[in-house]
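Adding 71 to a residue's 1-based position in the sequence shown gives its number in our numbering.
A short worksheet on the structure shown next.
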Amino acid sequence: WFEFAQQIQGQALQAGILSKAIPITPITTSEYPTPAKRPAYSVLDRSRALEEFECLVLDWEQKLAEVIAELT
């Protein structure tokens with residue numbers, strides 16, 4: 072999530088939505104309190120869903136840029 076937040080901030084700064092950078096601090100999953108225990112490593116395998124529903128998956132950075140552009 073750290074990289075995602077950085078990307079959002081960077082694009083928002085570039086678009087003039089934010090006037091200055093805000094400190095973003097990376098933390099580990101263990102540092103973030105949640106009521107449920109989380110596995111140390113887990114990934115989502117989306118291959119079956121993509122095959123079953125014939126989805127087109129867009130690059131998240133490209134889609135983020137489109138959303139930021141809509142906000143300006």
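Glycine is no exception: its CB is placed at the ideal position from the N, C-alpha and C atoms.
This one's a predicted model, so the numbers in the text were calculated from it and none came from an experiment.
Residue i - DSSP class collapsed to helix/strand/coil
i      : result
Arg109 : coil
Glu125 : coil
Arg119 : helix
Thr99  : coil
Rounded distance between the beta-carbons of residue j and residue i, thought under 8 Å
i      : j      : result
Phe73  : Ile95  : 7 Å
Leu145 : Gln82  : Not covered by the structure: residue 145. The range shown for the chain is 72 to 143.
Ile93  : Gln80  : 6 Å
Ala86  : Ile139 : 5 Å
Residue range of the unbroken alpha helix (DSSP H) whose run includes residue i
i      : result
Lys134 : 131 to 142
Gly81  : 73 to 86
Spatial neighbours of residue i in its chain, beta-carbon cut-off 8 Å, leaving aside the 5 residues before and after
i      : result
Val128 : Arg117, Leu121
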